[in-house]
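**Q**
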Amino acid sequence: MTPKRFQRKASMLVRGLWVAIAALSFSIGVLGIFLPLLPTTVFMLIAVYCASKGSPRFEAWIRSRHYVGPLLVTWEQERAIPRRAKLAAVSMIALSGLITVWTLGPGWRSLAIIVILIIVAVWLATRPEPSSSK
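Taking my numbering, the leading residue of the sequence shown gets 81, the next gets one more, and so forth.
(1) Just to confirm, are residue 155 and residue 130 a CB contact at a threshold of 8 Å?
(2) Between the Cα of residue 165 and those of 199, 204, 174, 143, spot the shortest distance and give me the residue it belongs to.
(3) Take residue 201 and list the residues in its own chain whose beta-carbon comes closer than 6 Å to its own, dropping the five residues that flank it on each side.
(4) Check residue 83 in the structure and name its three-state DSSP category.
(5) Considering only the alpha carbon of each residue, which of 211, 87, 147, 92 lies closest to residue 158?
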């Protein structure tokens, strides 16, 4: 195998891995829309980053999705989160906290999870809103 051919195959493998990670992150992000403990935006940001490394077409497709595209753009441009998204996220975090307490009961594990959820909720709530929504 010639060095150029080897490099081409290695490059295709690396691009394929980037696309696979992007697809997995996108899938988890979509699940996060419906499941309280999975953060949608984080996984979508990972998906866009990985897709940009492996497939610009896949990156453009992710950005074109109406349910995540605008969120990604506002986050990348302004580091802002729309009020509606904040309310949805904090509500899901609160629901997750209730489910945690209900399933685990009192104890250090529940307390640790609740503290982490509160920190995440406060961080989300204190992010600015996009300038276009004001």
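Cβ atoms here follow ideal geometry from the backbone N, Cα and C, with glycine treated the same way.
As the structure is a computational prediction, the values presented were derived from the model and not from experiment.
**A** With the given structure in hand:
(1) Taking 8 Å as the cut-off, the Cβ atoms of residue 155 and residue 130 do not count as close.
(2) Among 199, 204, 174, 143, the Cα nearest to that of residue 165 is on 204.
(3) Excluding residues within five positions, the ones whose Cβ falls inside 6 Å are 170, 173.
(4) In this structure, residue 83 counts as helix in the three-state DSSP scheme.
(5) In terms of Cα proximity to residue 158, the closest of 211, 87, 147, 92 is 211.
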